[in-house]
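Engineer:
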Amino acid sequence: MNIDRVKPIADAVLYEGYILYPYRPSATKNRTRWMFGELHPRSAQRAGGEASLMRAELLIEAEAGAEVEMALRFLQNRWREIGEIAAPVADVEAIAFYRPTDSLVIDGEKFLSFEEAIERRVDIEAARLDDLCRKAQRRRFSFAASREIEPIRAHGEIVAVIARSSEAVEGEVVLSATRLDDALFRLRVEIENLSPLMDADAREDSRARAFLSTHLIFEARGGAFVSLIEPPERHRAAARGCAGEGLWPTLVGEPGRRDRMLASPIILSDYPQVAPESRNAFFDGAEIDELLTLRVRTLSADEKREMAAADPRTRDILQRCETMTRDDLGALHGAFRPLEEGDEAPFAVGARVRIAPKAGGDIMDIALAGKVAVVEAVERDFEGRAHVAVTLVEDPGADLGAAGFPGHRFFFSPQELQPLDGGAS
2 MNIDRVKPIA
12 DAVLYEGYIL
22 YPYRPSATKN
32 RTRWMFGELH
42 PRSAQRAGGE
52 ASLMRAELLI
62 EAEAGAEVEM
72 ALRFLQNRWR
82 EIGEIAAPVA
92 DVEAIAFYRP
102 TDSLVIDGEK
112 FLSFEEAIER
122 RVDIEAARLD
132 DLCRKAQRRR
142 FSFAASREIE
152 PIRAHGEIVA
162 VIARSSEAVE
172 GEVVLSATRL
182 DDALFRLRVE
192 IENLSPLMDA
202 DAREDSRARA
212 FLSTHLIFEA
222 RGGAFVSLIE
232 PPERHRAAAR
242 GCAGEGLWPT
252 LVGEPGRRDR
262 MLASPIILSD
272 YPQVAPESRN
282 AFFDGAEIDE
292 LLTLRVRTLS
302 ADEKREMAAA
312 DPRTRDILQR
322 CETMTRDDLG
332 ALHGAFRPLE
342 EGDEAPFAVG
352 ARVRIAPKAG
362 GDIMDIALAG
372 KVAVVEAVER
382 DFEGRAHVAV
392 TLVEDPGADL
402 GAAGFPGHRF
412 FFSPQELQPL
422 DGGAS
């Protein structure tokens, strides 16, 4: 399964929270890695620990012969240990013993013992929807424990080592489908961490075998996924019937296409994108790239050395921030997006409209649905989106709303208002 078209946003999900500013292991927030979408071994969950199972349900418009392919991705913790040796040697095989240490400086370069991560991927072969309706597809998977020794050299000799080790993990994916009508199916997927634990109460043992940032990428062949955020009217009841646990399905790829879906542990809108101006993977998608870039550039020399030693990915962040030109920095500042088609607000101030909130709104949307209102202003946010301010015709305090006071003035998108009496401009 080729995921290139959705990989930027999927990678952003995969590494969200991996390590945070100031990108130093000594920072309190980075001493223990916590990420979205953690699945811990089932025995740890039974002992009162983290969840061991995730579940997602999504809708697909298709004929019975259509196929669905899926990729499961997650990170697994790997421990990196720095080891001192008694005397320099010429070959790794000659090292009989090393002494673990938290940090080591060799020829001015700092080396740290710290957590890294391995990218894991499990591809689930394409399955026909009618077959999935008859029998669920189960796929067991596993990754073996590993240990690697990398030499640290100085003046042509090995003077220390980097030992990387990861524990064995295993899990299961269960994929099934239910036919809701002639051309609509509900797809259901469950992922469970079945890794055995030596001690169910040992948190570190559980973390070494946990799936981190667990997410799924789906591809439909001969069918089209249905948005669960804004489903068409004919599928709203079916969308409300979809249940999930720890995963949020969203359409991904080129806006308008419905052949790919991402089930993410982070709530996203349909067709999420990484901003084209973003030059660095800061592992903090809700933060401001320009701010983080400037903060990294102002770290002290010692802080930068620790950041570079923490992880190859943090070293890459540092190098990118340090080499950015004035023009590169300027490109991060004050980007404006062109308005989406149909985002213009075709309403004149004073026009009468009927409020028709989109599905999935809050209690206020439900209370105001169908009410007649008067347009008081058309305003835009910093991203250029139009918001129409209205007051209710039946509100005795409408004059307060017209004067800009809260409580009597409500905002809706242009698509949530229906013109009355030729109210469109």
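The working numbering numbers the first residue of the sequence shown as 2 and each following residue consecutively.
From the three backbone atoms N, C-alpha and C, an ideal C-beta is built for every residue, glycine too.
#1: DSSP on Ile356, reduced to helix/strand/coil?
#2: According to DSSP, His388 sits in a beta bridge with which residue or residues?
#3: Can you tell me whether DSSP reads Gly84 as helix, strand or coil?
#4: Whose C-alpha, out of Gly398, Ala287, Ala282 and Glu323, is nearest the C-alpha of Ala302?
#5: Compute the beta-carbon to beta-carbon distance between Arg189 and Ser207, rounded to the nearest angstrom, for a pair I have assumed lies under 8 Å.
#6: Given a threshold of 16 other Cβ atoms within 10 Å of its Cβ, counted over all protein chains shown, does Gly224 qualify as buried or as exposed?
#7: Once you ignore the five residues that flank Ser228 on each side, which residues in its own chain have a CB closer than 7 Å to its CB?
#8: May I ask which residues mark the beginning and end of the beta strand (DSSP E) holding Gln419?
#9: Compare the beta carbon distance of Glu85 and Ala161 with 7 Å and say whether it is the shorter of the two.
#10: Would Gly402 be called buried (16 or more neighbouring beta carbons within 10 Å of its own) or exposed?
#11: With 16 other CB atoms within 10 Å as the buried threshold, where does Met308 fall?
#12: Phe144 bridges to which residues according to DSSP?
#13: For Ala374, which residues in the same chain have their Cβ closer than 8 Å to its Cβ, ignoring the five residues on either side in sequence?
#14: Using only the alpha-carbon positions, how far apart do Ser426 and Val69 sit?
#15: Can you tell me which of the three DSSP states Phe411 falls into?
#16: How would you label Gly371, buried or exposed, when you count the other beta carbons within 10 angstroms and need 16 or more for buried?
#17: Hey, is Thr29 close to the ligand NAD, as in C-beta under 6 Å from one of its heavy atoms?
#18: Take every Cβ of the region 4-12, pair it with every Cβ of the region 287-306, and state whether three or more of those distances are shorter than 8 Å.
#19: Could you give the C-beta distance for Pro250 and Ala239, rounded to a whole number, given that I count them as a contact under 8 Å?
#20: Just reading off the alpha helix (DSSP H) that Val190 is part of, what are its end residues?
#21: With distances taken between CB atoms, is the gap from Arg122 to Arg74 smaller than 7 Å?
#22: Write down every uninterrupted run of the alpha helix (DSSP H) in the region 271-336 whose length is 4 residues or greater and which is fully enclosed by it, in chain order.
#23: Could you tell me the distance, in whole angstroms, from the CA atom of Arg321 to the CA atom of Ile218?
#24: Exposed or buried, what is Phe406 when buried is set at 16 or more other beta-carbons lying within 10 Å of its beta-carbon?
#25: Put Ile4 into one of helix, strand or coil per three-state DSSP.
#26: Distance, Cα to Cα, Gln416 vs Val350?
#27: Please state whether DSSP places Leu269 in a helix, a strand or coil.
#28: Leu40 lies in the beta strand (DSSP E); which residues open and close that run?
#29: Let's test the definition: count the other Cβ atoms within 10 Å of the Cβ of Asn78 and tell me whether it reaches 16, buried, or not, exposed.
#30: Once DSSP output is grouped into helix, strand and coil, what is the label at Leu427?
#31: Looking only at its chain, what residues have a beta carbon closer than 7 Å to the beta carbon of Lys305, apart from the 5 residues adjacent to it on each side?
#32: Cutting at 8 Å between CB atoms, please list the residues of its own chain near Leu15, excluding the five before and the five after it.
#33: In whole angstroms, what is the alpha-carbon distance linking Trp80 and Arg165?
#34: Find out if the Cβ-Cβ distance for the pair Ser53, Arg43 is shorter than 7 Å.
#35: Nearest-angstrom Cα distance between Leu292 and Phe284?
#36: My guess is that Ala137 and Val175 are in contact by the Cβ rule of under 8 Å, so how many angstroms apart are they, rounded?
Structural biologist: So, from the data block:
#1: strand
#2: Glu380
#3: strand
#4: Glu323
#5: With a Cβ gap of about 27 Å, Arg189 and Ser207 do not count as contacting.
#6: buried
#7: Leu252 and Asp271
#8: Leu418 to Leu421
#9: yes
#10: buried
#11: buried
#12: Val170
#13: Arg353, Val354, Arg355, Ile356, Val391, Thr392, Leu393, Val394, Phe411 and Leu418
#14: Residue confidence for Ser426 is low, a pLDDT of 47 falling below 50, so the modelled location carries little weight; the figure read from the coordinates is stated next. Each residue's Cα considered, the two are about 46 Å apart.
#15: strand
#16: exposed
#17: For the structure depicted, the ligand NAD is absent and the ligand set is empty, with no information on it obtainable.
#18: no
#19: Contact doesn't hold; Cβ gap of about 13 Å is too wide.
#20: Val190 -> not in any alpha helix (DSSP H); beta strand (DSSP E) instead, spanning Leu185 to Asn194.
#21: yes
#22: 290-298, 302-311, 313-324 and 327-332
#23: 29 Å
#24: exposed
#25: coil
#26: 16 Å
#27: coil
#28: Element bounds for Leu40: n/a, residue is neither H nor E.
#29: buried
#30: One cannot answer for residue 427 here, as it falls past the ends of the chain, which runs 2 to 426.
#31: Leu319
#32: Arg74, Phe75, Leu76, Glu120, Ser214 and His216
#33: 6 Å
#34: yes
#35: 14 Å
#36: 5 Å
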